[in-house]
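Note sheet for the following structure.
Numbering (our numbering), first residue to last: 1432 to 1548.
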């Protein structure tokens, strides 16, 4: 009876050893595949990250260019308004040589009216 148990233990131990050996062999074959898969995933993630970065840079570049255009348009508008004001002022001076004096008097009278209120 003891020998039957010992024989059974020996056989199952041998079976387990064989199973363990097959498991290790399978793992040894899978390990390079798993490493390759991890490497492939890492490369894919890096590529996706580079693509997102590229897209973000393009968006930022377009925003910056639009901002520059708006700044330039505002500056052109200010220049146009200043030019119009200058031309209007020059026109009024030609029509009335003492325009500056009249404007000063006009401003003084406006100030007097404001003070009375």
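Beta carbons are placed, not taken as given, at the ideal position from N, Cα and C, and that holds for glycine.
Problem set entry | Where residue 1510 falls: helix, strand or coil (DSSP) | Along the chain shown, read from residue 1 onward, the residue named residue 1510 stands at position 79. Residue 1510: helix per DSSP, three-state reduction.
Problem set entry | Simplified DSSP state of residue 1463, which is helix, strand or coil | Your numbering for residue 1463 matches position 32 in the chain shown. Residue 1463 falls in the helix class under three-state DSSP.
Exercise. When you compare only the Cα positions, how much space is there between residue 1482 and residue 1508?
Worked result: Taking the first residue of the chain shown as 1, we reach residue 1482 at position 51. Taking the first residue of the chain shown as 1, we reach residue 1508 at position 77. Distance between the alpha carbons of residue 1482 and residue 1508 is about 39 Å.
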